[in-house]
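Report on the structure given below.
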Amino acid sequence: MHDHATALRRQGQSIGFVPTMGALHQGHLSLVQHSLRDNDATVVSIFVNPTQFDNPDDLAKYPRFVEKDLHALEQLDKNIIVYLPLAEDIYQGRVEADHYDFGGLEKVMEGAFRPGHFDGVATIVRKLFDIVQPHRAYFGEKDFQQLRIIQTLAQQLKDSIEIVPVEIYRENDGLAMSSRNLRLTPEHRGAAPFLYESLQKAREMAREGLPPAAIKEAIRSMYDQHPLLDLEYFEIADEENLQPATAFEPGKKYRGFLAVYAGDIRLIDNMALN
Ligand code: PAF
């Protein structure tokens, strides 16, 4: 892959990169479409990265459908380059994450509830960037905190890789697309659009001028009454530094972020509030 990317660069071709963990859905395919549009060559990696899982059961049960994924990519464009590394190729016997400092972005929300997760993400993304040598890399806003961390990583690496954010791709009922949705029971799948509804509610309240504390209280109580969903956190944070907001300051952008358990399955979502 490294040699191939080097050759493409020598030929003056621009490389777009979409890193994934497979079980591709429309959300991934929309990232790939953006890359196909912007670049001469598009590389999609499929690698279930062990170092970003804080829960071994989640890693073991993470959906893997490589044949189906390859078919979906081929349908989209026959020239997509698919990189399917083995853990040995990537980690060479040392399956460990490096430690990163992202100025506090990594400490809140997912970082607080999934210790070590972003070290694992940054470690793999850095390794993949070194191999694939992209000009542009595409990340979905569904993992907004990950996106902010990767933007910061790219600045730290000084490789001049452009990080391109892509809007959340939702099912018709509002549920944000995620490979984990495949593991929901029919009952939990039926309940899951509540995440989107609760974020919309938060946005409505923000537009009505309610302060963050009141909105957070209202959202928590919506989940307290829900028979099937357990809220892990709902946070309102500044889009730039991801620190929890105590007030909506003019000129700044804020988002609502949540993590919810639907049975054993942990779902996350977020929405711009202003
Ligand atoms: O968002 C994901 O699927 C993963 O975190 C990523 C960026 C592919 C790294 O393993």
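Sequential numbering from 221 applies to the sequence shown in the working numbering.
C-beta: ideal position from N, C-alpha, C; glycine also.
Segment limits, alpha helix (DSSP H) that includes residue i
{"i": "R496", "result": "With the chain represented from 221 up to 494, any question about residue 496 goes unanswered, as that position is not in the structure."}
{"i": "Y416", "result": "414-427"}
{"i": "Y443", "result": "432-444"}
{"i": "P276", "result": "276-281"}
{"i": "P406", "result": "406-411"}
{"i": "G247", "result": "246-258"}
{"i": "A467", "result": "Premise fails: A467 is in no alpha helix (DSSP H) and is neither H nor E."}
{"i": "T226", "result": "222-230"}
Residue i beta carbon near the ligand PAF (any heavy atom closer than 7 Å)
{"i": "V315", "result": "no"}
{"i": "V264", "result": "no"}
{"i": "P335", "result": "no"}
{"i": "T240", "result": "yes"}
{"i": "I344", "result": "yes"}
{"i": "N269", "result": "yes"}
{"i": "V341", "result": "yes"}
{"i": "D363", "result": "yes"}
{"i": "Q420", "result": "no"}
{"i": "Q375", "result": "no"}
{"i": "Q246", "result": "no"}
{"i": "Q445", "result": "no"}
{"i": "Q495", "result": "Residue 495 falls outside the range modelled here, since the chain spans only 221 to 494, and no answer is possible."}
Span of the beta strand (DSSP E), counted from its first residue to its last, around residue i
{"i": "R486", "result": "485-492"}
{"i": "L449", "result": "449-458"}
Check whether residue i and residue j have beta carbons under 8 Å apart
{"i": "H245", "j": "M397", "result": "yes"}
{"i": "V386", "j": "A357", "result": "no"}
{"i": "F333", "j": "I381", "result": "no"}
{"i": "F364", "j": "F477", "result": "yes"}
{"i": "Q445", "j": "G324", "result": "no"}
{"i": "E361", "j": "I344", "result": "no"}
{"i": "V264", "j": "V286", "result": "no"}
{"i": "L377", "j": "R346", "result": "yes"}
{"i": "L448", "j": "E391", "result": "no"}
{"i": "Y416", "j": "L430", "result": "no"}
{"i": "M241", "j": "N269", "result": "yes"}
CB contact below 8 Å: residue i versus chain D
{"i": "I266", "result": "Note that chain D does not occur in the displayed structure, where there is just one protein chain."}
Residue i CB to nearest heavy atom of the ligand COA below 7 Å
{"i": "Q272", "result": "Looking at this structure, you won't find the ligand COA anywhere; what it does contain is the ligand PAF."}
- Kindly provide the ranges of any beta strand (DSSP E) runs that are 3 or more residues long and lie completely inside the region 288-350, ordered along the chain. Listed in chain order, the complete beta strand (DSSP E) runs (minimum 3 residues) inside the region 288-350 are 301-303.
- Item | Sufficient close CB pairs (3 or more, under 8 Å) joining the region 446-455 to the region 294-304 | At 8 Å Cβ cutoff, the stretches do not touch.
- Query: Is the number of C-beta pairs between the region 463-475 and the region 400-412 that are closer than 8 Å three or more?
  - Reply: No, the region 463-475 does not touch the region 400-412.
- Stretch-stretch touch, CB-based, cutoff 8 Å, three pairs: the region 306-318 with the region 275-295: No: fewer than three Cβ pairs fall under 8 Å.
- Would you say the region 259-275 touches the region 233-241, given that touching needs at least three Cβ pairs under 8 Å? Result yes; three or more Cβ-Cβ pairs closer than 8 Å.
- Task: Mind the definition here: the region 288-298 touches the region 410-419 only if three or more C-beta pairs lie below 8 Å; say whether that holds.
- Result: The region 288-298 vs the region 410-419: no contact.
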